[in-house]
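Right, one structure below, let's go through it.
Numbering (our numbering), first residue to last: 1 to 112.
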């Protein structure tokens with residue numbers, strides 16, 4: 001499968017919208033599965049997960065607010081520019097960095 005298969009039930013995932021910012025957070029509610037139904041006009045995106053406890057921000061958190069303050073857990077490099085995010089469907093971050101982002105969003109681990 002692709003990167004989505006790394007997500008495990010109960011994992012928290014942040015939703016980043018290019019050129020807008022951090023737009024939401026949700027919990028993984030299923031193992032990864034394949035589905036060939038078209039959801040988007042540009043591609044099939046066959047690898048999927050079910051999600052729950054979705055939190056969508058009315059105003060996304062701008063990239064500049066967390067630029068360089070969190071790191072890619074896979075390589076230890078700070079996420080300091082948009083190129084750090086381009087072409088990546090998922091980037092692992094530490095629990096500490098996740099809590100930092102949840103606080104920026106007005107959430108916490110207790111109420112996510």
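Backbone N, C-alpha and C fix where the C-beta goes; we use that ideal spot for every residue, glycine too.
Model, not experiment: these values are computed from the prediction.
Using the three-state DSSP reduction, which class does residue 45 fall into: helix, strand or coil?
Taking the chain shown and counting its residues from 1, the one referred to as residue 45 is at position 45. Note: residue 45 maps to coil in three-state DSSP.
Beta-carbon proximity of residue 61 to residue 31, cut-off 8 Å
Residue numbering aside, residue 61 sits at position 61 when the chain shown is read from its first letter. Residue numbering aside, residue 31 sits at position 31 when the chain shown is read from its first letter. No; because the gap between Cβ atoms is not below 8 Å, this pair is not in contact.
Jot down the residue ranges of each uninterrupted alpha helix (DSSP H) in the stretch 14–63, minimum 4 residues, whole runs only, in chain order.
none
Mind checking residue 111: buried by the 16 CB within 10 Å criterion, or exposed?
Within the chain shown, residue 111 is the residue found at index 111, counting from 1. Per-residue confidence for residue 111 stands at a pLDDT of 47, beneath the threshold of 50, marking its modelled position as unreliable; no derived number is given.
For residue 17, which residues from the same chain have a beta carbon less than 8 Å from its beta carbon, with the 5 sequence-adjacent residues on both sides left out?
On the chain shown, residue 17 is found 17 positions in, with the first residue counted as 1. The residues are 23 and 60.
Cβ-Cβ separation, residue 63 to residue 12 (assumed contact under 8 Å), whole Å
Sequence index remark: in the chain shown, residue 12 carries index 12 (1-based). Sequence index remark: in the chain shown, residue 63 carries index 63 (1-based). About 19 Å; that fails the 8 Å criterion.
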